[in-house]
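Worksheet: the structure to be examined is printed underneath.
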Amino acid sequence: MSNSAAGIFRRVNDTVYWTGAVIACVALVLVSAVIPWAVYTRYILNSASSWPEPMAVLLTVGITFIGSANCYRQRIHMNMTVGTNLLPPLLRRASLFLSEILMGVIAIFMVIWGLRLVRTTWDNSVDEFPWLSVGITYLPIVVSGAMMLLFVIERLTIGPPPRDGADAHVPAE
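Counting from 1, position 105 in the sequence shown corresponds to residue 105 in full-length UniProt numbering; the numbering is continuous, with no gaps.
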């Protein structure tokens, strides 16, 4: 991949990463507003709203899937490196390559089967939100899988994103 193409691809992935971060953060803020509303209506008004709990669950699903894709890109997800750190350099690189390939397979699985799940459930509605398709609630699986696949391709073609300490949320190595 040429330097200009690599630069464009890196900027696209940076945009996907930051868009995902904003979406996850907005969802987290909304969860933080919805739960107190549920408590307020139940214990102060003595008339519990039916929508806050399912809304919080749906938002949490979005946070989890989109956030996990972002964590994967920055390698700040939970992982076990004890075994690979004990390997000689050549085997360590081979295990990292195999790990990326397996992650790509998982990402493709998420996209394909996630799309099937979305299509299958599209005509159903969420009980508490009759206007909301169940298929839409499964879209974070597809989006997360597509994001992870992009990040796997990034790692395999142009390498991981730089960890120069410029991003306060990512520890510099």
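The beta-carbon is built from N, C-alpha and C at its ideal position, and this holds for glycine as well.
If you count every other CB in all the chains shown that lies within 10 Å of the CB of residue 48, and 16 or more means buried, which is it?
Residue 48 is exposed by the Cβ-count criterion.
List the whole-angstrom C-beta distance separating residue 145 from residue 105, where the pair is believed to meet the contact cut-off of C-beta under 8 Å.
About 11 Å; that fails the 8 Å criterion.
Return the bridge partner residues of residue 129 from the DSSP annotation.
Answer is 126, bridged to residue 129.
Rank 93, 131, 83 and 61 by C-alpha distance to the C-alpha of residue 139 and give the top, closest one.
Of the candidates 93, 131, 83 and 61, the one whose C-alpha sits nearest the C-alpha of residue 139 is 61.
What is the rounded straight-line gap between the Cα of residue 13 and the Cα of residue 151?
Cα-Cα distance, rounded: 7 Å.
Pair every Cβ in the region 29-38 with every Cβ in the region 52-70, then say whether three or more of these pairs are closer than 8 Å.
Touching, per the Cβ criterion.
How big is the Cα-Cα spacing for residue 38 and residue 127?
In a straight line, the C-alpha of residue 38 is about 17 Å away from that of residue 127.
Are residue 69 and residue 20 close, meaning C-beta to C-beta below 8 Å?
Cβ distance < 8 Å, so residue 69 and residue 20 count as in contact.
First and last residue of the alpha helix (DSSP H) that includes residue 7?
That run of the alpha helix (DSSP H) goes 3-39.
Given a threshold of 16 other Cβ atoms within 10 Å of its Cβ, counted over all protein chains shown, does residue 17 qualify as buried or as exposed?
So residue 17 counts as buried.
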